[in-house]
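What follows is one structure encoded as structure tokens, with my remarks underneath.
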Amino acid sequence: MSIRLRFTGETDRPEVLLEAAKILAEERNYRLGAGERGLKVVMCPLGGELTILWRPGEDPAGPWTVRGECVSTPAGAGLHRAAVELLDNLPIHSLNAQDETGFFRHRDFQRMKEEHFYPWLNTLVDVCRQESGKGVSGIQLCWDLEQYAPEDIPDTVITPMGRFRLSELAEMAERGGIEALAERFFLWNGRTQDARFFRNRAINTLWEACRFAPSTRGLEDTAVNNSILDDLERAARLDPGLPLPRSAYLEVCALADRAPSLPEGPELKEEFSPGYRKGLVTHALGTLRVTLPGAYLYRWEPWDNGGGAHLWSDDTSDGPVWRVNAYRIREGDARFTDNLNTLHGVEGRTLKGGALRWGWREIREEGERLYQAECEVIAGPSLFFLTATCSDPGDLGQVAELIGRVSVVSGAVRAETVQAWK
């Protein structure tokens, strides 16, 4: 269902191609990543990448073979145009482009949108229209299934550009036409990086990446908060009359300890205020599903003896620190260990596709008394071990509530979900 551009060709040497890509990336404010076998130019979020791979030809002294692609949905037609124009300026010879939109050949931007991107968007609108009013939950459009899942609200749809009522997308298309909906749904619908591009990039960051935490918490929050403010202020300079999420802007200004500087202008009025991470989000670890506050930071915690743990924490409070480890037995199904038998308040629960047991205990770390919940989850041959460590025993109530949300899914269900929405 994706719209993409693929190409093959030749280059004299990878070094020449890489140097040209560096120059273009600097000129156009793109990000560039490179390795031994290829490079990636990141032009915008939502998969807005042009990937190029290279390998030696049959003649060691001859040109190198290159191939690459760019997936233009859901970012939009502006990305597709930018990818084609980037290819125009790269030293790739004998270029053979497979562009399903035909834009590489005819260069008619409006025609590309009307013949390919608008029908693609209309298909998504039809899906929403068919499901509207049925009270369904969990519908995600263009959502990266490898990241967290936001909370479900019945009869709504989750997208990288925000949450909408299922009926709302159809109403927007009927009220203002598909072009009006495209300006809000696609991150990059225009020819260039115009005011709507910067507004929509900020909206995507607000919904998907922003944890609504103070910038003082760390570099990640600082970068996210500043990018939102910079993009909205730039959008206002380019088009003072463009509706902006001004309430969210003021909220992030306070988090970044930055004085508001937007000129007067219209508010982007929508039913749901930005921020999936303001609520709980669900993380997938194999077949395990763990639901935690969206504001938590994630990192991989390596161990000295090898291996490590998935770790989530707030980093600004003494709230629970969550760790998850996964193990898999070679034959048969996993079983609970005896490690929980000495804990307080041990209880178990049957899950659809598995089971869990958990309890809590007091521990000492560097002379400090802490309270640690320990939980084992079995799902077929997999055994998951979860801990939540806190300094206040009162936090064990929240921990118990979140353990109550732990679930497992089968591999078949996971595969069907990916196939249905990619």
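Position 232 of the sequence shown, counted from 1, bears residue number 232 in our numbering, the numbering being contiguous throughout.
Cβ coordinates follow ideal geometry from the N, Cα and C atoms, glycine included.
Next on the checklist: Taking its Cβ as the centre, do 16 or more other Cβ atoms sit within 10 Å of R369, making it buried, or is it exposed?
Outcome noted: exposed
Item to check | DSSP bridge partner residues for Y298 (one or two, in chain order) | outcome: W312
Item to check | Collapsed DSSP secondary structure at C390 in the structure displayed | outcome: strand
Checklist entry - Between the region 348 to 359 and the region 402 to 410, are three or more C-beta pairs nearer than 8 Å? => result yes
Next on the checklist: Could you give the first and the last residue of the continuous alpha helix (DSSP H) run that contains S167?
Outcome noted: L166 to G176
Next on the checklist: Just to confirm the assignment: which complete alpha helix (DSSP H) runs, minimum length 4, are found wholly within the region 9 to 54?
Outcome noted: 14 to 28
Checklist entry - How is the beta strand (DSSP E) around H283 delimited, first residue to last? => result L280 to L285
Item to check | Buried or exposed by the 16-neighbour rule on C-beta atoms within 10 Å, applied to Y327 | outcome: exposed
Checklist entry - If R199 sits next to A235, beta carbons under 8 Å apart, how far is it from one beta carbon to the other, in whole angstroms? => result 4 Å
Next on the checklist: Please report the distance separating the alpha-carbon of A415 from that of L145.
Outcome noted: Unreliable positioning characterises A415 in this predicted model, as indicated by a pLDDT of 36, which lies under 50. A coordinate reading is not provided.
Checklist entry - In its own chain, which residues sit with a C-beta less than 6 Å from the C-beta of F117, not counting the 5 before and 5 after it? => result A77
Checklist entry - Would you say the region 31 to 39 touches the region 52 to 72, given that touching needs at least three Cβ pairs under 8 Å? => result yes
Checklist entry - Taking Cβ positions, are T287 and A379 nearer each other than 8 Å? => result yes
Next on the checklist: Between which two residues does the beta strand (DSSP E) holding P119 run?
Outcome noted: Where P119 is concerned, there is no enclosing beta strand (DSSP E), although the alpha helix (DSSP H) it sits in stretches over Y118 to E131.
Item to check | Buried versus exposed call for Q110 [16 or more other C-beta atoms within 10 Å across all chains shown] | outcome: exposed
Item to check | Reference F212, options A170, T316, T123 and A388, closest by Cα | outcome: T316
Item to check | Contact set for Y371: own chain, Cβ-Cβ below 8 Å, skip 5 residues either direction | outcome: W360, R361, E362, I363, T389, C390, S391, D392, P393, D395 and L396
Next on the checklist: I'd like the span of the alpha helix (DSSP H) that includes C70, first residue to last.
Outcome noted: Not the alpha helix (DSSP H): C70 falls in the beta strand (DSSP E), residues W64 to V71.
Checklist entry - Roughly how many whole angstroms lie between the Cα atoms of V84 and A182? => result 21 Å
Checklist entry - Do the region 206 to 226 and the region 295 to 305 meet, that is, are 3 or more Cβ pairs less than 8 Å apart? => result yes
Checklist entry - What span of residues does the beta strand (DSSP E) with L145 cover, start to end? => result Neither: L145 is in no beta strand (DSSP E) and is coded neither H nor E.
Next on the checklist: If I follow the unbroken alpha helix (DSSP H) through Q398, where does it start and stop?
Outcome noted: L396 to I403
Checklist entry - From the DSSP output, which residues share a beta bridge with I139? => result V157
Next on the checklist: Contact defined as beta carbons within less than 8 Å: I believe G48 pairs with A75. What is the distance between those atoms, to the nearest angstrom?
Outcome noted: 4 Å
Checklist entry - When the Cα atoms are used, what is the spatial distance from P440 to L386? => result This structure cannot speak to residue 440, because the chain is shown only from 1 to 422.
Next on the checklist: Output needed for V346: all residues of its chain with C-beta closer than 6 Å, excluding positions within five of it in sequence on either side, in chain order.
Outcome noted: L340 and G359
Item to check | Selected residue, minimal CA-CA separation from F104, among P266, D59, Y249 and L87 | outcome: L87
Next on the checklist: Taking contact to mean 3 or more Cβ pairs, one atom from each stretch, closer than 8 Å, check whether the region 268 to 282 and the region 161 to 178 are in contact.
Outcome noted: yes
Checklist entry - Who does G348 pair with in a DSSP beta bridge? => result R357
Checklist entry - Do the region 298 to 313 and the region 167 to 180 meet, that is, are 3 or more Cβ pairs less than 8 Å apart? => result no
Checklist entry - Does the pairing of the region 138 to 153 with the region 186 to 197 give three or more beta-carbon distances under 8 Å? => result no
Checklist entry - Curious, which full-length alpha helix (DSSP H) runs of at least 4 residues does the region 172 to 233 contain? => result 178 to 185 and 195 to 204
Item to check | Spatial distance of G135 from T222 (CA atoms) | outcome: 38 Å
Item to check | 6 Å CB neighbourhood of V413 in its chain, flanking five on each side removed | outcome: Because the pLDDT of V413 is 44, which lies under 50, any placement of that residue in the model is unreliable, and the question is left without a value.
Next on the checklist: Does G367 pass the burial test, meaning 16 or more other C-beta atoms within 10 Å, or should it be called exposed?
Outcome noted: exposed
Checklist entry - Nearest-angstrom Cα distance between G68 and E401? => result 47 Å
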